[in-house]
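In what follows, a single structure is set out as structure tokens and then discussed.
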Amino acid sequence: MKNKKFIYIFITLISLLVFLFAIYKIFMLHFNYKKEISELENLSNATEISNNENTFILDVNFKDINFLEIDFSELKNINNDTIGWIKVEGTDVNYPFVHTTDNSYYLTHSFYKKLNSAGWVFLDYRNNNFEDKNSILYAHSQNNKTMFGSLKNTLMSNWLNDKNKHLIYTSTENQNSIWQIFSIYIIPTTDDYLTINFENNFSDFTKKITNRSIYNFNVSLSDNDKILTLSTCYNKDKKLVLHAKLVKFQLRNQK
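Residue numbering for the sequence shown follows this note's numbering, beginning at 1413 and increasing consecutively.
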């Protein structure tokens, strides 16, 4: 009996230690994450930029909305894979994003290229910056406060009913851009929304992804549009996907 009692106490203590260690790891993950995000925001020197002679307005409804412009010099010193910054209105998404030769490395590495289960935001390796018809950004969503986790805010009625929040801002070394969200949906894992370029079926593609939306954004699209796709996990078996179209951009570093 004494041996059984000892074994029970021993197993209980081990289980408690494992539990406490797991809690500690989660705490450190979030502590380091918040520290890194704060540092990156300070290094970005983010500023609002108004229209100038290098501005191209594709939808007059967004004529007076300012761009987000980022200084990438310090960010690229930390990570030379850095190619841009993304901000999604009404969420905590406000990060630099990276681009490398595969779609796996930044699933397990942070912006500082350290092993981290939260990963980082990255552009599909097939994309050529934002030159393609569909540019795709991925990130994990382990909880509402890391990476694309707060994109779940876009499923809430107070977000959906506020048109001022239906915007995504991106900044790269070449241009600052504003995108209007036109579709949000949850879907079982599939790759049918991950096409990069199109020959003759772009309009079929945009109809398909628009019809999936949980909300009617009443945004029209044409074959001349470029779109931005954000993809993240919703749960074990489903993805949360956002699509937005380019409505305004401004070329940078023009002489």
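Glycine included, each C-beta is placed from N, C-alpha and C at the ideal position.
Beta carbon of residue 1487 nearer than 7 Å to that of residue 1508: Yes; because the gap between Cβ atoms is below 7 Å, this pair is in contact.
Take residue 1591 as the anchor and find which of 1468, 1531, 1483 and 1449 has the nearest alpha-carbon. Residue 1591 has its Cα closest to that of 1468, out of 1468, 1531, 1483 and 1449.
What three-state label does DSSP hand residue 1606 in the structure shown? Note: residue 1606 maps to coil in three-state DSSP.
Three CB pairs or more closer than 8 Å across the region 1567-1576 and the region 1657-1666: Not touching, per the Cβ criterion.
Start-to-end residues for the alpha helix (DSSP H) that takes in residue 1673: Any question about residue 1673 goes unanswered here, given that the chain covers just 1413 to 1667.
Counting only runs that start and end within the region 1599-1657, where is the alpha helix (DSSP H) found for 4 or more residues in a row? As far as the region 1599-1657 is concerned, its whole alpha helix (DSSP H) runs of at least 4 residues are 1614-1623.
Do residue 1562 and residue 1482 have their beta-carbon atoms positioned less than 7 Å apart in this structure? No, the pair does not count as a contact, with Cβ atoms beyond the cut-off.
By Cβ distance below 8 Å, which residues in the same chain neighbour residue 1554 in space, the five residues on each side in sequence not counted? For residue 1554, where only same-chain residues beyond five positions count, the Cβ hits under 8 Å are 1529, 1530 and 1561.
Limits of the alpha helix (DSSP H) - the one that residue 1569 falls within: 1569-1572 is the extent of the alpha helix (DSSP H) around residue 1569.
Helix, strand or coil: how does DSSP classify residue 1533 here? Coil, per DSSP.
Is the beta carbon of residue 1491 sitting closer than 7 Å to the one on residue 1523? By the CB criterion at 7 Å, residue 1491 and residue 1523 fall inside the cutoff.
How is residue 1560 classed by DSSP in three states: helix, strand or coil? Residue 1560 sits in a helix when the DSSP states are folded into three classes.
For residue 1517, does the three-state DSSP call read helix, strand or coil? Correct three-state label for residue 1517: helix.
Please state the DSSP three-state secondary structure of residue 1473. DSSP places residue 1473 in helix when its eight states are reduced to three.
Relative to the C-alpha of residue 1493, which residue among 1532, 1576 and 1645 is closest? Comparing Cα-Cα distances from residue 1493 to each of 1532, 1576 and 1645, the minimum goes to 1532.
Look up residue 1590 in the DSSP assignment and give the residues it is bridged to. When beta bridges are read from the DSSP output, residue 1590 appears opposite 1581 and 1660.
Across the region 1514-1521 and the region 1589-1604, are there enough close Cβ pairs to call them in contact, namely three or more that are closer than 8 Å? Touching, no, given that fewer than three Cβ pairs across the two stretches are closer than 8 Å.
Pull up the distance between the alpha-carbon of residue 1514 and that of residue 1537, whole angstroms please. For residue 1514 and residue 1537, the gap between their C-alpha atoms comes out near 5 Å.
Pull up the distance between the alpha-carbon of residue 1539 and that of residue 1633, whole angstroms please. Taking the straight line from one Cα to the other gives about 21 Å.
Tell me, to the nearest whole angstrom, how far the beta carbon of residue 1506 is from that of residue 1499; I am working on the premise that it is less than 8 Å. Contact between residue 1506 and residue 1499 holds: CB atoms are separated by about 5 Å, below the 8 Å threshold.
Identify which residue in 1452, 1630 and 1655 has its Cα closest to the Cα of residue 1617. Nearest C-alpha to residue 1617: 1655.
Pairwise C-alpha distance: residue 1447 and residue 1426: Residue 1426 and residue 1447 have their C-alpha atoms roughly 31 Å apart.
Taking the beta carbon of residue 1430 as the centre, do at least 16 other beta carbons fall within 10 Å, making it buried, or is it exposed? Of the other Cβ atoms in all chains shown, fewer than 16 fall within 10 Å of the Cβ of residue 1430; this residue is therefore exposed.
Residue 1459 versus residue 1587 - alpha carbon distance: For residue 1459 and residue 1587, the distance between alpha carbons rounds to 14 Å.
Pairwise C-alpha distance: residue 1653 and residue 1619: So the two alpha carbons sit approximately 15 Å from each other.
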